[in-house]
Amino acid sequence: MGRFRRFVAIGDSATEGLEDADGHGGYRGWADRLALLIASRQDEPLEYANLAIRGLRLHEIRESQLAPALALRPDLISIAGGVNDVISPRPRFGELAADFEAMFGAAVDSGATVVTFTMPDPSTISPIGALFAERMAVLNDLIRAAAQATGALLMDFAPYPIAVDPRLWAPDRLHGNTLGHQRIAAALGWRLGIEGCDESWAAPLPEQLPSEPLRHRLAGDVDWAVHYLAPWLGKGIRRVPHGLGISPKRPVPRVVEV
């Protein structure tokens with residue numbers, strides 16, 4: 001393991017790369033960074049495609065991305081999703097379990113190495129995260145079970161304290177920032193056995209997280225609710241698809257330039 005010819009990433013906004021800006025009006029993200037990491041550690045060229053679309057629920061990822069991804073004949077495929085289901089009013093965990101196992105199984109059966117990951121406890125990241133903590137724990141259990149049943153490689157982020165450090169999260173408190181995406185890519189590189197990758201990605205940040213007065217935290221929570229939560233809920237009430245008008249940023253495999 002550790003050397004690959006073609007990497008295809010499927011998923012939602014996290015795999016698309018939000019909120020890791022590329023400086024040109026788009027996003028990089030952990031999948032782009034993982035592709036570059038792999039390409040830089042092997043002599044053979046690596047082709048990379050990213051079919052992820054923000055806002056999609058897991059069944060939509062399965063229906064719209066899995067078959068096109070497998071048609072590209074990757075030897076490495078990342079599959080991540082389920083968070084949009086968890087934060088929806090009525091998540092259907094039975095369907096999520098079936099979708100995870102079907103997706104992982106189909107990708108493993110194709111001969112590809114399949115990598116996936118769990119999510120950290122949202123209660124320490126977002127003001128309303130505690131409302132979804134139990135759901136996220138169930139989601140993580142489903143991912144673990146499907147990975148074990150199919151042979152997909154699992155990067156279990158949930159037990160690692162670094163995963164909930166707020167300095168790795170964007171202001172929307174739903175996506176990683178640039179540092180967060182860098183850590184995810186490094187962790188997946190380690191899990192995949194990429195040359196030179198180790199568990200140093202899990203090291204705490206060198207500076208201690210400063211304490212914040214309660215009034216500042218509350219003001220920050222109100223600002224977050226106004227600028228991020230309200231617009232997201234508004235789209236849901238109006239039934240506006242969150243990924244409406246978005247196309248995959250890298251639908252065709254291209255050689256990663258090192």
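If you count the sequence shown from 1, position 209 lands on 209 in full-length UniProt numbering, and the numbers rise without skipping.
Positions of the beta carbon are idealized from the N, C-alpha and C atoms, including for glycine.
All values derive from a computational prediction rather than experimental measurement.
Every beta strand (DSSP E) of 3 residues or more that sits fully in the region 49-96 is shown, in chain order, as 76-79. A direct Cα-to-Cα measurement between Pro159 and Ala202 gives close to 10 angstroms. Where Ala158 is concerned, there is no enclosing beta strand (DSSP E), because DSSP gives it neither an H nor an E. In the DSSP assignment, Arg250 falls within the beta strand (DSSP E) that extends over Arg250 to Val255.
Judged by DSSP in its simplified three-state form, Ala112 adopts coil rather than helix or strand. If you check the CB distance, Leu153 and Val114 come in under 8 angstroms. Looking at Thr150, Ala49, Gly105 and Ile38, the one whose alpha-carbon comes closest to that of Ala186 is Ile38.
By the neighbour-count criterion, in which a residue is buried when 16 or more other Cβ atoms sit within 10 angstroms of its Cβ, Ala130 is exposed. For Ile10, the enclosing beta strand (DSSP E) has its first and last residue at Arg6 to Ile10.
Beta-bridge annotation (DSSP): Leu153 is paired with Val115. For a cut-off of 8 angstroms, the C-beta gap from Leu36 to Val256 is around 6 angstroms, short enough to register as a contact.
Exclusion of the five residues before and after Arg41 leaves Ile194, Glu195 and Gly196 as the residues of its chain whose Cβ lies within less than 7 angstroms of its Cβ. When only Cα atoms are considered, His59 and Ala97 end up about 10 angstroms apart. Residues Glu16, Gly17, Leu18, Glu19, Asp20, Ala21 and Lys249 of the same chain have their beta carbon placed closer than 8 angstroms to that of Tyr27, with the five preceding and five following residues left out of the count. Boundaries of the alpha helix (DSSP H) around Leu188: Thr178 to Arg191. Take the alpha-carbon of Ile162 and the one of Trp169: they are about 11 angstroms apart.
By a beta-carbon distance limit of 8 angstroms, Val138 does not contact Phe104. Their separation comes to about 17 angstroms. Residue pairing by DSSP places Glu47 opposite Arg6 and Val255 in a beta bridge.
Collapsing the DSSP output to three states places Ala21 in a strand.
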